[in-house]
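A short worksheet on the structure shown next.
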Amino acid sequence: MPLSYPLNLKDNTGSVSDSSFALCSPKSLLINFMSTSIPDPSPAKASDSDGDRQPNMPQHIAIIMDGNGRWAQRRELPRIEGHRNGVCSVRRTVEECARLDIEQLTLFCLSSENWKRPSHELDFLMHLLEQYMIEERALLLEQGIRVQVIGRREGIPDRVLNEINKTIEITSENKGTTLCLAINYGGRGEISDAVQKIARRIEIGELSADQVDENLIAENLYTSGMPDPDLLIRTSGEMRISNFLLWQISYSELWVTDKCWPEFEESDLHQAIEVFASRNRRFGGLTSLT
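Residue numbers (the working numbering): 51 to 340.
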């Protein structure tokens, strides 16, 4: 379902003109960064080896960024203002994960179920995504962040796909944190796509049914080659995983905050990591036989 341009930014609670569009206020980001407490360990650089990583740090953090619309409605603002302010939280979180030498950060940007939303909101989300890909490139390159995208491409406007492809290509040689954006993504759809790929190989005789195991399925997922998330964060207090990374989060630690996504700051990320570090991950086994 291709989306229409030019954008209609009107919302049922107000409107925002295209001339006022800006991803984030650099001044407000600087104030938030300076006022946030920094963990005691010195930050690891993107070029540091794995041996220099702090103990008990998650290798891969995945986040369900929920609550943009509710954040805006509580302030009697158009829902799209919640999405706009959510980009500021994205930037803060990406920068902090890079500073902490987190290997991968996966953000749930657009669910395959989100196409049910009003067309003007979807148009704005596409515009926001396009602008993010353009305006954040310099920062991504500066911090050595590599961008990858998972999800189906159907329905994403060509102009947005072009900017996504450019950013992926430009950052492909970066060696720091991998920023994986889940766009038009659904966990069940991912698994069904993987099964279809395997079934086609069986159909033409490349594989037998006996060769299908967990490793083969994982190799055919969108996330092939990526580590499974160690820590799954969800904002806005909802206690569900919303069809996100269903295969990959089998043993992920879950952390939920009541804060809406635009309110999520570095200190919240630190708290989630501290809770993660305090947990005993057994992966179905026992840490002691006594």
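Ideal placement from N, C-alpha and C gives every residue a C-beta, glycine not left out.
Please read these numbers as outputs of a predicted model, since none were measured by experiment.
Measure the alpha-carbon distance for residue i versus residue j and round it to whole angstroms.
i, j, result
"G117", "R329", "27 Å"
"S169", "E204", "16 Å"
"I114", "V144", "14 Å"
"L231", "L127", "26 Å"
"F83", "M276", "Confidence at F83 is low in this model, with a pLDDT of 35, below 50, so its placement is unreliable and no value can be given for it."
"R124", "G287", "15 Å"
"E313", "L319", "11 Å"
"I248", "Q261", "10 Å"
"E256", "L189", "44 Å"
"E185", "N265", "38 Å"
"V199", "G226", "16 Å"
Grab the span of the beta strand (DSSP E) containing residue i for me, first residue to last.
i, result
"C310", "Per DSSP, C310 belongs to no beta strand (DSSP E) and is neither H nor E."
"A112", "H110 to I114"
"Q154", "Q154 to S161"
"L281", "L281 to R284"
"Q198", "R196 to I200"
Please report the residue range of the alpha helix (DSSP H) in which residue i lies.
i, result
"T217", "D208 to I220"
"I267", "E264 to E269"
"S139", "R129 to R149"
"I248", "G237 to E253"
"F174", "S169 to E185"
"Q123", "N118 to R124"
Could you pull out every residue in the same chain whose Cβ sits closer than 6 Å to the Cβ of residue i, ignoring the five residues on either side in sequence?
i, result
"G201", "A232, I233, N234 and Y235"
"P272", "Going by the sequence as given, residue 272 is Tyr instead of Pro. Only I200 and E240 meet the Cβ criterion."
Kindly list the residues whose CB is nearer than 7 Å to the CB of residue i, restricted to its own chain and excluding five residues on each side of it in sequence; keep chain order.
i, result
"R120", "S286 and C310"
"G132", "N118, G119, W121, A122 and P312"
"M289", "V306"
Can you list, in chain order, the residues of its chain with a C-beta nearer than 8 Å to that of residue i? Leave out the 5 residues immediately preceding and following it.
i, result
"Q109", "I152, E153, Q154, P277 and D280"
Review point. Contact between the stretch 212-223 and the stretch 238-249: three or more CB pairs below 8 Å?
Key: no
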